[in-house]
Structure formats: C-alpha cells, structure tokens
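Asks:
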Amino acid sequence: MTLSRLQLGQYAVFLFVSLLVSMPLFFLVLGSFSTAKLPTDFSLDTMSLQNYVKVYSDPGTFELFTNTLIYVTGSVAIGITISFVLAWLVERTNMQGKIWIYAGVPMTLAMPGMLQAMAWVLLLSPRIGFINKSLQSIFALDQAPINIYSLGGMVFIEGLRLVPTAFLMLVPLMRSMDPSLEEAAAVSGARPLSTARKITLRLLAPGLVAVMIYQAMTALEVFEIPGILGLPAGIYVFSTKIYAVVRSATFLPAYGLANALAMVYLVIALVTTYFYTRMISRVERFTIITGKGYRPRQFDLGRWRYPAFALVLLYLFLAVLLPFLVFAYVSFLSFLQAPSVAALQTLTLKNYRFLAQYGEVGSALRNTLLMVLVTATATVILSFFVSLVVVRSKFWGRKLLDQLAFVPHAIPGIVMGIAFFWVFLKVDFLPIYGTVWAMAIGFTAGFLSYGTRSMNAALLQVHKELEEAAYVSGARPWRTLWRVFLPLMMPTFVGVWIWVVLHAVRIAGLPLILYEGPQNQVLSILIWNMWDEGYVPAVAAIGTLLMLSLLLLTVAVRYIGFRRQLVQSPAV
Amino acid sequence: MIRIQNLHMVYQTERGRVHAVRGIDLDIKQGQFFTLLGPSGCGKTSTLRSVAGLETPEEGEIFVGNDLVFSSTTRKVVPPYSRDIGMVFQSYAIWPHLNVFENVAFPLREMKRRFSQQEIREKVDRALSLVHLDGLADRPAPFLSGGQQQRLALARAIVKEPRVLLLDEPLSNLDAKLREETRFELRELVKRLGITTLYVTHDQLEALTMSDVVAVMEEGRIAQQGSPMEIYQSPQDRFVANFIGLTNFIDGRVKPSPCETASIRQVETAAGDLSCVLEEGMKPGDPVIVVVRPEDIRVITDAKPRHNLFQGKVNAVIFMGDSLECQVLVGSQRLRTKLHPSSAVQQGQNISLELPAERCRALRGS
Amino acid sequence: MLKKLKVEASTLANIDKELEVPKAWLDGARKEGKLRVFSTFDPGQFEALSRPFKERHPYINIEYSRASHEDRAIRTLVAYKNKKIVTDIITGLGGSYFMFKEIGALDDMRMIPNLKNNPPETVDPEGLWAGMHMRYWCMAYNTRQLKKEEMPKRWDDVLTNPKLRNGNLAIGNRPQLWALSLWKANGEKWAKEFLTKLFNDVKPQLRREGMNAMLELSAAGEFNATIPSAEYRTYQKQLDGAPVSYHCPEPVPIAVSEMGILKGAPNVNAARIFVNWFLSKEGQIAQYVADYAPPVHKDLRRKEFVPFADEILPKKGAFRDPAIEVEIQPKLLTFWDELWMRGGGKRRGL
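As you go down the protein sequences, you meet chains Z, A and C in turn.
-4 is the number of the first residue of the first sequence in this note's numbering; add one for each residue after it.
105 is the number of the first residue of the second sequence in this note's numbering; add one for each residue after it.
105 is the number of the first residue of the third sequence in this note's numbering; add one for each residue after it.
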C-alpha cells in the first residue's frame, strides 16, 4: 500500500485547488502575451511582448504608481487602524453594546461600490453635496469645504470599505492572545501603555501585517471607488487604468493589454504571498495554543467607556447609516436631486413599483439565492479541507497549496471571469457554461483566499491533542473531522459563509462576463444593468432593500452565535 | 504486553536532524506499571507517542499484546485508532464542545461493535465513578476544574477497557497536594483494573512511588532499568544517581587492599579514606565516584569508634518541612544530610558524621 | 397604442400587408418555438415594445437578455468561434461589426422584405446588418443652470462658451458615439484641434459613470451639461420631471443601431420574422412608444417620432456609418485615450 487513504485525500485537495486556480492564472499569463483581438485566440503568431512594451513604455503607466501607492497605503492605514480599534474594543475591553459592532460592521460588505461612491458624491460633492451645502450655510462659506473628488476622498471612502473584512480577520487574532504574556509584563513593572507597546503589539504584529497585506491587495484591485471619485479630478490609479483598458473606448476591449497590466498584480501577489506566509508562520509561533478555552484579559475602560462607544457609533454612522439614509432618500425620488424641501415634496414609490415589475427580478433573485448558497457552501468546504492539509498534515506540497489558494485574490474579477468563460466554453461536455454554476465555480476560486485565511487561523487554535485524543479513542480521520473539528470550527464556518454570501451578492465583475441570459442573471448584474441604464433611484431602492435584509441577516446570525458563545465560554 | 525492539526516532527540525530515540528495547509485562523517567528531550514522550501510533519511528518494531503495530522492516504501521489503547494527554485534551458524559462515551461510539444506549450509559457511569466524578455527567467539560479534567481524561481512557493505558505526564499541571492524592489513586485504579500501564514523567517522585519498573532515559537511550528500589539505591552511573533523589558525590581512587575480592574496600578521597561498596572488577588506582544518600548519613554525638567517621562544620541548615537538610563541609568536600526536623543543629557548629560503608557505593568515575 | 399617438391614418395603412412573410418561415418558427435576443433595451421596455409581436406570434417565446456592449459582443464572438451560438439576434454591434464579418458570424438578411423600408445608408449592402432605430448623440443640460439660448450653436462654440468651462461640463468615455461622426464630417485636423482644446481649455469633468447615469447627475446639478447624451433617454428623464433638456450643436452626430442575425442560428425563422416585424411600421412605432427611439423606417422619419425634433431635424447631420468606423475609429480612439488619461490638465483635490 503505497498511499494511504489520507494521503490520497491530500493529493485530491491539492490537485483540485491547483486546477481551479491555475486556470485563471494560466489565462492571465498567456493572455498577456496575446495580441489577438479576441481574448481567447491564443496562437503562436499572435504572441508577442508587444503588450508589455506598450503598457510599460508608456510614461503614463508609471505616473499611476505614485497615485496608486498613496491611495493604497492611505486606505489601508485608515482601514486597518479603524478595524484594529474596533476589534480591540470588542475583544479586549469591557465596552457595552458589542453586538452593535458585530452586526453593524459587516453590513457594508454587501453595498455595491458604485452605490456607495454615489452616496458620497451626493453628500460631499463640491457642487451639490448635502453636507457641503449645510456647512456652507451654517458657516457662511463661499466654497464647499470638503471635496470628495480627491485623493483624500478616495482614501477615506476606500478605507471605510476595507474595515469589515479587516475586522473579521482581526477579531480571532485578538481573541487568541495568551493573557499571561501581558500579565508577566505587568508584574515586571510595565505600565499598561508600555505593555501594549512592547508585548501586545509585538505579538499581534505578524497577524496585523498579514491582514494589511491582504487588504492592500483588495484596495489594489477595486475600481469603483477610484473610478467614480478619482476620474472627475483626473486622478488615476492602477485599477482604473486596467478597467479603462477593458471597458474603454476601444471597439473591442484590449484584454491582452489589460492582462499585461494585471501581471503587475500577479507579481505583487507572489511577492506579498511570500512575505505573508512568513508572517503567518510567525503568528503560529506566537499564538499560544491550549486545549482549554479561555478569554484573554478584558481591559477595563472605566470612564473611557462612553467616548469609546461614541467612537464606535461615529464609525457606524459614517460607514453604514449615512449612506443608508442617502440610498433610502434617493430611492423615493423620480430623478436625482439634492435634498431640499422641494425634493421632499416629490417623493414617490414608483421606484419600488418599478423594481417589482422590472423584467426578471423574480428569476434574478432565485438565481442569486442558488448561486450564493452554492458558492458559500463550496467555499467553506473547500477552504476547510485546504486548511486541514496546510495546517495539520505533513503533505510535501502544503506550503505551495497555501500560496495557490491565496494568489487568486490578486487577479481582477474581470480577468477571472474571462478565464472561466473560456474554460467553460472549451469544456463543453460538462453543461456548466451559461449557468449559475459557472459563476459559483469562478467565485469559489476567488473566495478561496479569504476562506483559507480564516480557516488556517481557526484551525491553529484547535490543539493538536484534541485531534490525537480522538484518534487514540478509536475515531478514524473522517469521524474525527465530523465529531471534533466540525463542531469546534463551526463559528468559523458560519463566519466565512456569511462573508462569502455578502460578497457574492455584491460583486459584478465576474458575473457580468459569465452572464448568458435570464437563466443565470443574478442580482449584481441586474444592479449593474440598471445603473448603466441610468435608473439611479431604482438602484438606490435595491440598495436600501439589500441593506435592510442584510441587517436582519447579520443581526439574526450574530444573536444566535453570540448566545451560544456566552453559554459555551468556560468559567475558568 | 508491550514490546519495543530497537526503536529509533528521528525528527527534522529547523536546526537539522535530531536523533531523539537511539535504539530502545523494552519489554513490559501484562499488568505492569512501567515508567519512562528522564529530563525533557530525553526521548520518553516520543517513545510513548510511537506506541500510541501518533508518531512514526524511523526504525524498530513495536508490539502491543501479540499484535505487531509497527515494523520498519515490513513497513507496517497500524494507525492509532486501530490499536486498542487508552491515552491521557498532558493537556488532558478534553473536548470543550462536549459535556462530561459525551467525552467519556466518545471511544465507545467509535468502536466497531455497536453498544446500546443502556450499555453506554452503564460503562460511562462506571468509568466516572472509578475516577470519582459521579454526578457530573451533564456538566459541560470546560466547566470542570483542572483536577476534574484530569480525571475526566482518565475516565475516557479506560472506559473501553483497553489492553494498554498510556499516560503522558498527566499530573504535571496539578498542584502538589492534588498530585500526591492522585498518584496514589491512579496506581490503585490501574492495578485494580489490571491494565498494563506505560507512564511518562520527569518527576522522579512520581516514578518511584507509582511504578513497578522504572526506565531512566538519557538522550534517547535507557540509562538504567529496574524496580524503584534498585534505581534509587543502586544507581549504575552518575546520571541516574543524580537524577533520582538527592545524592552526595565524592570523588576518589581505589586503594590497594589485602583482599581484592571483598565487596567493601577502601577508597581514597579528599575527606579521607572511605570504606564503601565496590563493583566487581574495580582495581586499585581506578577513579571512582562514591555516592551516598543524605538520609543514610548519620550524625554522631557519642565517642564510639566507627568506620567512615568524619568531622565537619555545618555550613547551612534548610528547613524542608518534613526534614532538615544540613550542608556540612568536611575538608573541602560538601556533604548533605537529612535530619529529623526537630534536630537541634546550628549553622557553624562542629558535627560528626558517619557514612555507613554499606550505604556508600562506588561508581566508575572518569 | 397606435391610437394614443394620434398618427395620421394614412401612415398606418397597410400595416398588416407589410407584415406578410413566406409561409415556410411561419412553419419553421412554429417548430422552433423560441427566439433569443441580445440587446440594450431594458427588459421592461423590451417587454413593452414586443407586445404587438407577441400578439401576432404567440407561439414564439422570446428570451431576452440585456448586456452592455463589450460583454455582448465579446461573449458572442468568443462563443461563436468555439462553435457555440449563444443568441439568434444581436443588436448594437457598433465597431465590432467587422469582427463579426471577418469570421462570417452574420447571416445575410437581404431576403427579409422590410429591409427595403430602411434608407440605403442604414442597411448593410451585403445584408449583414440593418439599422433598428436612429440615435442622436448630443448634449443634455440642466435647465436650471443653462438656458436654451445660451447653448452653443456649433461644436466650435462649445470651446468658447463661458458657462461650460471648468467642470461645468461633463464628458463620458465614449467618443465613438459622437466624435467619430464629427471627425468624418469636419476632417481629422479639425477633430484633433477641437478635442485637444476641449480637454485642455474647457477642462470638463471626466466621468466614469455611464451616459445615462451622467444624465441623472446633471439633473441633480452635479454639472450643467453632459456630452454625449442620447435623445430618447433625455426625453424620458424630462417626462419624469427632471430639469433637463436636450441640445444639438451642428453638425448633429447621427448614428444607427444595428441589428443582425447570427449565421447558423437555430431559431433562424423566428429571427427573420422578428427582424421583419421590427423594421415594419408597427414594429418601429412600438419601439418608439416603448422607448422613444426614433424610427429608421423611411416613412416614419417625422417630427412626431423624434424627441426634441426641433433640436435635431432642421440641423445639418453628421452620419456615422460602419465604413468610417474601421478607418477612423482606431485613430480617434488612440488620440482620445491619450487625452483622457492625461486628465485634460489635472486638477487634483486634496
């Protein structure tokens, strides 16, 4: 018996993920050399370095780098700082009302980017922004004090958008800190600030850097915010360039050029993956694992409870409530207009009626439901097995597997979409093309990176001896999975599942390419088409409904999860 | 019941290859309480885990009962879940998401044979009462104290009445008092059930009080194996002597004597000539280390002539609770003695010590 | 529907006769039972405009999907090359027409009777595409900020109009919709000078939103005017009560949206019947009613079927035909992309 069943399983996971990930990768790399008009016409005579020459000899490309650097560093700095504070407040202090944070922070995940940008345009545009107008009248100013069409504006909004995912990744990190490490510092005479600086932050540093790297890649790829807020001010970043090339004035988008540009992302991804995995292995060293569950020491905020809570409310207000109010307001308008008494008099329900009758809303919702459920479940299951191999096994390729799972995060959604589009066309003996399954598969490949980050971190928390105790008690690997890992990892499963649901509902890049007709039209495509058609108030109506449903979903899940947590937490 | 032949274990670490176990042979009889004793890094835990099947040795053979569970020559590796063993981990490894009952019932549910709910109930209750955890069946496992968790781990390990029980430093996380009670209870339990037990610890007190056989391990090898009494009273080398109990070490050289075959001969030391037990084959001029336990040294207050009488000065007196440790300087040699706590000994006073010859053993020196 | 429009009776004469098609097509369509259409209408509008067709041919089940240009063209082409025909009818081919022609993806439609209703410049000589409606791409403006008299009479006047300077004007990233026709009409030199001055002197806001979303923004006052804007959409917004109106400097960029049938389409009979119907008076009027899209039918080029007719019809037009696309478009686009990326004189906020 050369390979045990366990090893076979490990090979299966490895091969499957390699296949899934290598398709878009292969397409990205190969396509960057293709100068054929159609993105999928690969042939030797159309291969050349021309795309690279064109893109990288253009001085304009390099001007982008400065802007992009500022944009990415700025938004990551803001995003990580806010999410760090929130995560710390929630996990390490005795602040009240934590459920508001748990429920409120993830809500912005499902807001379509263009909608959010539009909301801020309505609030802070120098000409019609509501906040500007109010400030101008209160303080008798000539000019609008805040201009959202600026690098600062872009950085701020994108920073807000990065918070939910960073928060979800930081919370488990905070939770896993061994209190005795800090207590040792305190006893050695270090004051709280000194302990925080020398011990706590140092221990958190690798995990923090890992989250920063991940979010930096997110900020690099996103194009709606810089597109809508940057363009009017003439500010270009890398993602807007890629999308300009793809959706540009050219009569057939130059995907070859776009791929050549996107190769920068791939290089960045490879470099950062290298550093990322090094960071993570340090996290593993620093994370003290025990079989006993305990909660880290809670810091008593004392008088600072109220200011802290106010800070949280401020964040929720800016990131969640304000845009929501804007959507709600716009959804009752016939046409876009700044808030005014006159506007309030023209409020109408017609957008909601329009939604109810718009072509295939019903089938779009059904398709979305199916697609999202499949994607979320597939991502959770696949990430779990990948994590098992990466964290728990001695499989020779497990580091490589981890990197493979991470790399798709760097590939822009549209590039992924085309890659899978082409693959499904080729693989036509499987009836995937033109179905929601195509989207589910494409999405899963992309979401695997988040899923595995979460699962890896959570799996590390499960003491190896808990697994070994099951083995010596007679449980075979599958049974151990079922009876020990699954229950212990259930909170992580739920967390990843929700995150994927929220993203799969919102993201339009990949689905647009794989969209074939009513049979696989999903909500994000509907929103995108409506937006393109100019039905802005109707889109705002969808946004409002979306946010309301998600609020219900996240509160419900958190409430259930919260209560179970309270019951399960040890008295120790 | 457990047989290990020529066990070698090698690990690949950041610092290179580590040869953790270097050729161990063990033969543990049915019903024996066998302890692997040694400092950290000596290979005892690795050995235990390879018997459990949690680690794969480089070389060797392992038998549990009559079953070959590992063989490097035939490449046979029986996985842990097929080995019919019970194990208690150092961290206890209690599953936090299950209650006490379910933790204990787990192994029963994994057996090929299907038990009825009634049978499971009975077995679990019996196991719980054996470890004195009756009545706690419904409690969530994380809500138990450290000592209770340890007993829970034990209950789980014995519930399916395995042939062999493996314990990996199970008492190290308990406080001293609890440890003392548990030592006794544990041995009593496994003897009553008649389970062959392989126990790993670095605490020599545990090893001496609980075991039938102790194997002292040093750097991957067994330094000495024997009953606790043998190990304690007749350590075969410096390492064992030092590791077990407190010992006095006195360097010396064998003196020529009229009868070369006598078991008690003279050794020349810095403190004077010492009569002690020599091993066979020791010749005059051989360097030796004489070991004598503190509790064997007697304080002499009368003037009767004796062998091995030394004069010294009390350097320090340390109250140990159940005894008084007295450090005495005899010339340049420091000796430790153990006295009754009521002894009126003062620091700085002159004292006469007798080292009974039959209690002094000479080991080969270097 | 027709009665609502108060159209002259004579125009509506012979509607039924116009819709006669060979019996073979009808039988074929019955067997096929369905028809797939890719276009840019929003589903509600398509539903409305195809209702008369459905009344006549209830056995044809139409599957409609809406997708923006690149996706539609690219996907259809790539699929076609991989031997998959993903739709029967595709519209809005624009510049990708030549790619379709190159790989022989379009069917010859010359046998469709109502093709003759289209003026010659709105039909492909080889019958590979037929115009489905007229499209005008001019300027939409916020009536609260600008008055009709202030709007530029000719395109050159855009450059000098003070009320359009410094961010009061927004332009979208689709020069092929309007600048292409102007390039053809006024020449390359003029076009390059005009565009350069437009970006550098006028300093308009460059927007990423689609043309229609930009219309909403101008209604909100984010900018005073926007280029390019389509006549039908502006009209719809005006009907909604938005303070917008439409203006065309001369020459007026005129385009035609093309419709074609994929070669080898499985539902070819249904497709032919549909195209025939679409190009008939009934189809064209239905389209106008649903969408305010000006008919291409030569008998229907009249004021009552063109929104903002006064702005458009009396003026000189600059027609965009596919021939000039392959010739001029690449040059225009390279030039434009350069200007666009330069940001037309960067204004940075913060």
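From the three backbone atoms N, C-alpha and C, an ideal C-beta is built for every residue, glycine too.
For V467/Z, would you say it is in contact with chain A, using Cβ-to-Cβ distances shorter than 7 Å as the test?
Replies: Residue 467/Z sits at position 472 when you count from the first residue of the first sequence. Closer than 7 Å to some Cβ of chain A, the Cβ of V467/Z qualifies, so yes.
Asks: Suppose the cutoff is 8 Å on Cβ atoms and the five residues either side in sequence are ignored; what does the same chain contact list for F353/A look like?
Replies: Here residue 353/A refers to the residue found at position 249 when the second sequence is read from its first residue. These residues qualify, in order along the chain: R342, A345, N346, I393, V394 and V395.
Asks: Could you give the DSSP three-state label for Q450/A: helix, strand or coil?
Replies: Taking the first residue of the second sequence as position 1, residue 450/A is located at position 346. Here Q450/A sits in coil by DSSP.
Asks: Which whole-angstrom value describes the C-beta separation of A245/A and V228/A, a residue pair presumed to lie in contact below a C-beta threshold of 8 Å?
Replies: Looking up residue 245/A in the second sequence gives position 141. Looking up residue 228/A in the second sequence gives position 124. About 13 Å; that fails the 8 Å criterion.
Asks: Which residues in chain A sit within 8 Å of L146/Z, going by Cβ to Cβ distance?
Replies: For this step, residue 146/Z is matched to residue 151 along the first sequence. Residues of chain A passing the Cβ test: none, with the nearest at roughly 44 Å.
Asks: Note down, in chain order, all residues in the segment 328 to 347 of chain C with a beta-carbon under 7 Å from any beta-carbon belonging to chain Z.
Replies: Of all residues in the segment 328 to 347 of chain C, R337, K341, D344, G345 and A346 have a Cβ within less than 7 Å of some Cβ in chain Z.
Asks: Is Q560/Z close to chain A? Criterion is C-beta to C-beta, closer than 7 Å.
Replies: The residue labelled residue 560/Z in the question sits at position 565 within the first sequence. Note that Q560/Z scores 49 on pLDDT, short of 50, meaning its location in the model is unreliable; the coordinates nonetheless yield the value given after this. Judged by the 7 Å Cβ criterion, Q560/Z is not in contact with chain A.
Asks: Please compile the residues from chain C whose C-beta is within a distance smaller than 7 Å of the C-beta of P227/Z.
Replies: Position 232 of the first sequence holds residue 227/Z. The contacting residues are Q309, L310 and R311.
Asks: Roughly how far, in whole angstroms, is the beta-carbon of L284/C from the beta-carbon of E442/C, given that I think they are within contact range, below 8 Å?
Replies: As a working note, residue 284/C is residue 180 in the third sequence. As a working note, residue 442/C is residue 338 in the third sequence. Not confirmed; about 16 Å, so no contact.
Asks: Exposed or buried, G529/Z, counting other C-beta atoms within 10 Å across all chains shown (16 or more means buried)?
Replies: What you label residue 529/Z is simply residue 534 of the first sequence in a count that begins at 1. Buried.
Asks: Spatial neighbours of S388/Z within its chain, please: C-beta separation below 6 Å, excluding the five flanking residues on both sides.
Replies: One-based indexing of the first sequence puts residue 388/Z at position 393. The answer, listed in chain order, is Q5.
Asks: Report yes if the CB atom of A264/Z is closer than 7 Å to the CB atom of V385/Z, and no otherwise.
Replies: Taking the first sequence and counting its residues from 1, the one referred to as residue 264/Z is at position 269. Taking the first sequence and counting its residues from 1, the one referred to as residue 385/Z is at position 390. In this structure, V385/Z does not lie closer than 7 Å to A264/Z by Cβ.
Asks: Please report how far the alpha carbon of A156/A lies from the alpha carbon of V467/Z, in whole angstroms.
Replies: Here residue 156/A refers to the residue found at position 52 when the second sequence is read from its first residue. Here residue 467/Z refers to the residue found at position 472 when the first sequence is read from its first residue. Roughly 7 Å separates the two Cα atoms.
Asks: Leaving out five residues on either side along the sequence, give the residues of the same chain with a beta carbon under 7 Å from the beta carbon of V410/C.
Replies: Taking the first residue of the third sequence as 1, we reach residue 410/C at position 306. Contacts found: P398, I416 and L417.
Asks: Sort H351/C, S333/C, A324/C and L343/C by Cα distance to A338/Z and report the nearest one.
Replies: Taking the first sequence and counting its residues from 1, the one referred to as residue 338/Z is at position 343. When only C-alpha atoms are compared, the closest one is A324/C.
Asks: When the Cβ atoms of the segment 421 to 430 of chain Z are set against those of the segment 160 to 179 of chain A, are three or more pairs found closer than 8 Å?
Replies: Too few Cβ pairs lie closer than 8 Å, so no.
Asks: Return the CA-CA distance between T272/Z and P201/Z, expressed in angstroms with no decimal places.
Replies: Numbered from its first residue, the first sequence carries residue 272/Z at position 277. Numbered from its first residue, the first sequence carries residue 201/Z at position 206. One C-alpha to the other measures close to 10 Å.
Asks: For R273/Z and chain A, any beta-carbon pair shorter than 7 Å?
Replies: Taking the first sequence and counting its residues from 1, one reaches residue 273/Z at position 278. Not one chain A Cβ lies under 7 Å of R273/Z.
Asks: What is the rounded straight-line gap between the Cα of L547/Z and the Cα of P101/Z?
Replies: The sequence position of residue 547/Z within the first sequence is 552, counting from 1. The sequence position of residue 101/Z within the first sequence is 106, counting from 1. Answer to the nearest angstrom: the Cα atoms are 12 Å apart.
Asks: Could you say which of N170/A, F288/A and V318/A lies nearest to R267/A if we only look at CA atoms?
Replies: Position 163 of the second sequence, counting from 1, holds the residue named residue 267/A. It is N170/A whose Cα lies nearest to the Cα of R267/A.
Asks: Taking contact to mean 3 or more Cβ pairs, one atom from each stretch, closer than 8 Å, check whether the segment 176 to 183 of chain C and the segment 343 to 353 of chain C are in contact.
Replies: Too few Cβ pairs lie closer than 8 Å, so no.
Asks: Should V125/C be flagged as near chain Z, meaning a C-beta pair shorter than 7 Å?
Replies: Position 21 of the third sequence, counted from the start, is the residue given in the question as residue 125/C. So no, V125/C is outside the interface.
Asks: Please tell me whether R471/Z has its Cβ less than 7 Å away from any Cβ of chain A.
Replies: In the first sequence, residue 471/Z corresponds to position 476, counting from 1. So, interface residue.
Asks: With which residues is K138/C paired in a DSSP beta bridge?
Replies: Within the third sequence, residue 138/C is the residue found at index 34, counting from 1. DSSP lists N165/C as partners of K138/C.
Asks: Would M149/Z pass as a contact of L224/Z if the rule is Cβ separation under 7 Å?
Replies: Looking up residue 149/Z in the first sequence gives position 154. Looking up residue 224/Z in the first sequence gives position 229. Yes, Cβ-Cβ distance for M149/Z and L224/Z is below 7 Å.
Asks: At 4 residues or longer, and completely inside the segment 300 to 366 of chain C: list those alpha helix (DSSP H) runs for me, N to C.
Replies: Runs of the alpha helix (DSSP H) inside the segment 300 to 366 of chain C: 315 to 324 and 335 to 343.
Asks: For the segment 442 to 464 of chain Z, enumerate the residues whose C-beta is nearer than 8 Å to any C-beta of chain A, in chain order.
Replies: Within the segment 442 to 464 of chain Z, the residues whose Cβ lies closer than 8 Å to some Cβ of chain A are H458, E460, L461, E463 and A464, listed in chain order.
Asks: Let me confirm a value: Y301/Z is counted as buried when at least 16 other C-beta atoms fall within 10 Å, else exposed. Which label applies?
Replies: For this step, residue 301/Z is matched to residue 306 along the first sequence. Classification of Y301/Z: exposed, given that the 10 Å Cβ count is below 16.
Asks: Does the segment 251 to 261 of chain A come close enough to the segment 183 to 196 of chain A that 3 or more CB-CB pairs lie under 8 Å?
Replies: Yes, the segment 183 to 196 of chain A touches the segment 251 to 261 of chain A.
Asks: Looking at the C-beta of L383/Z, does it have a partner C-beta in chain A at a distance below 7 Å?
Replies: Working through the first sequence from its first residue, we reach residue 383/Z at position 388. Judged by the 7 Å Cβ criterion, L383/Z is not in contact with chain A.
Asks: Given that a residue counts as buried once 16 or more other Cβ atoms are within 10 Å of its Cβ, and exposed if not, what is V393/C?
Replies: Position 289 of the third sequence, counted from the first residue, corresponds to residue 393/C. V393/C is buried by the Cβ-count criterion.
Asks: Can you give me the Cβ contacts of T374/Z inside the same chain, cut-off strictly under 6 Å, excluding the 5 residues immediately before and after it?
Replies: As a working mapping, residue 374/Z is identified with position 379 in the first sequence. Closer than 6 Å at the Cβ level, and outside the excluded window around T374/Z, lie T439, F442, G446 and V495.
Asks: Would you check if the distance between the CB atom of V517/Z and the CB atom of M411/Z is smaller than 7 Å?
Replies: Residue mapping note: residue 517/Z aligns to position 522 of the first sequence, counting from 1. Residue mapping note: residue 411/Z aligns to position 416 of the first sequence, counting from 1. Against a cut-off of 7 Å, the Cβ pair of M411/Z and V517/Z comes out as no contact.
Asks: Beta-carbon within less than 6 Å of A499/Z's beta-carbon, same chain only, minus the 5 sequence neighbours each way: which residues are those?
Replies: Taking the first sequence and counting its residues from 1, the one referred to as residue 499/Z is at position 504. Excluding positions up to five away in sequence, the list reads V367, T370 and F438.
Asks: Answer yes if the segment 144 to 155 of chain C comes into contact with the segment 238 to 245 of chain C, meaning at least three C-beta pairs across the two stretches below 8 Å, and no otherwise.
Replies: Touching, no, given that fewer than three Cβ pairs across the two stretches are closer than 8 Å.
Asks: Which residue from D406/A, N203/A and Q431/A puts its Cα closest to that of K417/A?
Replies: As a first step, residue 417/A is located in the second sequence; it is residue number 313 there, counting from the start. Taking only the C-alpha atoms, the option nearest K417/A is Q431/A.
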